[in-house]
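Written below as structure tokens is the structure these notes are about.
Residue numbers (my numbering), protein chains in the order written: chain A, 51 to 434; chain B, 66 to 198.
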């Protein structure tokens, strides 16, 4: 049988080698295409079968898990009786059931507990965490942290963060500087949420950039996490060599109105990078740092357009009234539309007797396009 | 025993709230979306309606608005329970007629107390109305 097959293949090859070249190429393509289709189709079928089996398992196990959580947590008789959560005991038989030894059941259990914890805080939330610990599910999460696959590591970090389980600095800090952007972001977010004393310690070792989307996520976490220790961010403005960390710290300085950071931020006005300077100017404006106005006016003429615009916006925020003449001349004599627009807005933002008189004066003395700019800026319904 | 309609599209949350409220001695009817909620509201009287905000078919604000515009159901107590925490949405819910607003994640104890208080207020109001009549 085997010999017959070999002989058949040999004959087929002999006949194949007698065919013209272009037929040989066409046949080779056909065979490759058929093989690739069979492999792809097989892979799809295998994946579908796996997900079907998983769904079946989940459908079978979900009611068991929900019963466990309902009986042991939601309907626990000790709830609402002023008993500390740590002292509440679960039914040992219920939590040591054989079914909870299977890895896929434990994973579904972790996912379900996380889902519950997203919806419940207080005693129920604490009891969910205790159930997670008492069933040893934290060990599963820590085991995933050791995986070589980054998706598993992210899952572990998210699980431990959601369950408020402290991860040692030795484990998490290297991940905050991982070359994988997703893992890096998850680890940084976890570090901020879990580290009680120094949630921004990873800024010290960050060599990888904080991507704009990561900054947005982190900003949301920092501003919404309760009892977070907010440090003086000027420390990183002065010493960090990571530009994205400095840029992010400037945003945080402005958000937390850290007036003590003004000198450190003013130092950045001498920085060679004009994007940096623009961020620093914007930060000074938001801090209403009057002390920086003189320097900003001094450097104004040597700046690229983005920095000039930021200076004009900052002067509108600071609104000291000392540089109305400067703003007036920029509005009247600049050939750039954006500069005139921002100068007009800065004058109007002063909202003082002098600034209002200046606006009236400008309306009388200037030409039609500039009058339109002033009218546009005076309209409180137009923000941009 | 009070009759409570819980409208929530998250299965886990729906079952959890149902179990908590049943433990507290209430009769609980559930609906998974706005459409199912409207059907149940048309067919039965409830003492309290507890609704999520973001749901398929009709959102929680529409549910609140529809209950308040129906003269027969105007006295139903309404609690909105949502993860949406912005001022605009919360004030809009109260403006439309919600009696209470719970922000997720919720505390089970707090939920039970708020439900009991709302029921007590309602029964007080009903007594006042019957006395005036």
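Even glycine gets a Cβ: it sits at the ideal position worked out from N, Cα and C.
Quantities reported herein were computed from a predicted structural model and do not represent experimental measurements.
Where do the N-terminal and C-terminal ends of the alpha helix (DSSP H) with residue i fall, by residue?
i	result
residue 94 of chain B	Taken as a continuous stretch (DSSP letters only), residue 94 of chain B belongs to no alpha helix (DSSP H), being part of the beta strand (DSSP E) at 92 to 96.
residue 209 of chain A	200 to 212
residue 153 of chain A	153 to 169
residue 182 of chain A	172 to 184
residue 421 of chain A	418 to 428
residue 341 of chain A	No alpha helix (DSSP H) contains residue 341 of chain A, which DSSP labels as neither H nor E.
residue 431 of chain A	First-last for residue 431 of chain A: undefined, no H or E at that position.
residue 405 of chain A	403 to 415
residue 190 of chain A	187 to 195
residue 139 of chain A	No alpha helix (DSSP H) holds residue 139 of chain A; DSSP gives it neither H nor E.
residue 91 of chain A	71 to 119
residue 224 of chain A	219 to 225
residue 391 of chain A	387 to 400
residue 75 of chain B	First-last for residue 75 of chain B: undefined, no H or E at that position.
residue 123 of chain A	Counting along the chain, residue 123 of chain A falls outside any alpha helix (DSSP H), and DSSP gives it neither H nor E.
residue 256 of chain A	Unbroken run through residue 256 of chain A: none, as it is neither H nor E.
residue 28 of chain A	What is shown of chain A runs 51 to 434, which leaves residue 28 of chain A out entirely.
How many whole angstroms separate the CB atoms of residue i and residue j, which I take to be in contact at a CB cut-off of 8 angstroms?
i	j	result
residue 305 of chain A	residue 274 of chain A	The pair is not a contact, with the Cβ atoms about 12 angstroms apart (cut-off 8 angstroms).
residue 116 of chain B	residue 145 of chain B	6 angstroms
residue 423 of chain A	residue 409 of chain A	Going by Cβ atoms, the distance from residue 423 of chain A to residue 409 of chain A rounds to 11 angstroms, so no, they are not a contact pair.
residue 355 of chain A	residue 329 of chain A	Rounded, the Cβ-Cβ distance is 15 angstroms, inconsistent with contact.
residue 369 of chain A	residue 346 of chain A	Not confirmed; about 13 angstroms, so no contact.
residue 203 of chain A	residue 197 of chain A	6 angstroms
residue 303 of chain A	residue 283 of chain A	5 angstroms
residue 70 of chain B	residue 96 of chain B	6 angstroms
Does any residue of chain B have a CB that is nearer than 9 angstroms to the CB of residue i?
i	result
residue 171 of chain A	yes
residue 98 of chain A	no
residue 167 of chain A	yes
residue 155 of chain A	no
residue 476 of chain A	Any question about residue 476 of chain A goes unanswered here, given that chain A covers just 51 to 434.
residue 116 of chain A	yes
residue 186 of chain A	no
residue 273 of chain A	no
residue 125 of chain A	yes
residue 366 of chain A	no
residue 162 of chain A	yes
residue 129 of chain A	yes
residue 371 of chain A	no
residue 174 of chain A	yes
By the DSSP assignment, the beta strand (DSSP E) with residue i in it spans what residues?
i	result
residue 68 of chain B	68 to 72
Answer yes or no: does any C-beta atom of chain A fall closer than 9 angstroms to that of residue i?
i	result
residue 72 of chain B	no
residue 198 of chain B	Confidence at residue 198 of chain B is low in this model, with a pLDDT of 49, below 50, so the placement of that residue should be treated as unreliable; the coordinate-derived value is given next. Chain A, which has no Cβ nearer than 9 angstroms to the Cβ of residue 198 of chain B, makes this no.
residue 144 of chain B	no
residue 78 of chain B	yes
residue 165 of chain B	no
residue 170 of chain B	yes
residue 137 of chain B	no
residue 151 of chain B	no
residue 116 of chain B	no
residue 189 of chain B	no
residue 98 of chain B	no
residue 21 of chain B	Outside the shown range of chain B, which is 66 to 198, sits residue 21 of chain B, and nothing can be said about it.
residue 66 of chain B	no
residue 140 of chain B	no
residue 180 of chain B	no
residue 84 of chain B	yes
residue 88 of chain B	yes
residue 75 of chain B	yes
residue 102 of chain B	no
residue 81 of chain B	yes
Comparing the CB of residue i with every heavy atom of the ligand SAM, is any distance shorter than 8 angstroms?
i	result
residue 167 of chain A	The ligand content of the structure shown is nil, which means the ligand SAM is not present either.
Any contact of the segment 110 to 122 of chain B with the segment 151 to 170 of chain A, i.e. 3+ C-beta pairs under 8 angstroms? no
Every unbroken alpha helix (DSSP H) within the segment 138 to 190 of chain B, with a cutoff of 4 residues, ordered by chain: 152 to 161
Between the segment 134 to 148 of chain B and the segment 414 to 430 of chain A, are three or more C-beta pairs nearer than 8 angstroms? no
Inter-stretch contact (C-beta, 8 angstroms, three-pair minimum) for the segment 80 to 95 of chain A and the segment 140 to 152 of chain A: no
Can you check the segment 94 to 138 of chain B for any beta strand (DSSP E) of at least 3 residues that lies completely inside it and give the ranges in chain order? 113 to 116
Would you mind listing the beta strand (DSSP E) stretches within the segment 263 to 294 of chain A that are 3+ residues and don't spill past its ends, in chain order? none
Uninterrupted alpha helix (DSSP H) stretches inside the segment 300 to 382 of chain A (no shorter than 4 residues): 312 to 317, 324 to 336, 343 to 349 and 355 to 368
So, does the segment 360 to 374 of chain A touch the segment 399 to 407 of chain A, judging by three or more C-beta pairs under 8 angstroms? yes
Within the chosen definition, does the segment 100 to 109 of chain B reach the segment 175 to 188 of chain B through at least 3 CB pairs nearer than 8 angstroms? no
For the 8 angstroms Cβ check, are there 3 or more pairs between the segment 237 to 246 of chain A and the segment 212 to 229 of chain A? yes
For the segment 120 to 133 of chain A against the segment 164 to 179 of chain A, do three or more pairs of beta-carbon atoms, one drawn from each stretch, fall closer than 8 angstroms, so that the two count as touching? yes
Whether or not the segment 116 to 124 of chain A and the segment 65 to 83 of chain A are in contact is what I'm after, with contact meaning three or more pairs of Cβ atoms, one per stretch, closer than 8 angstroms; do they touch? no
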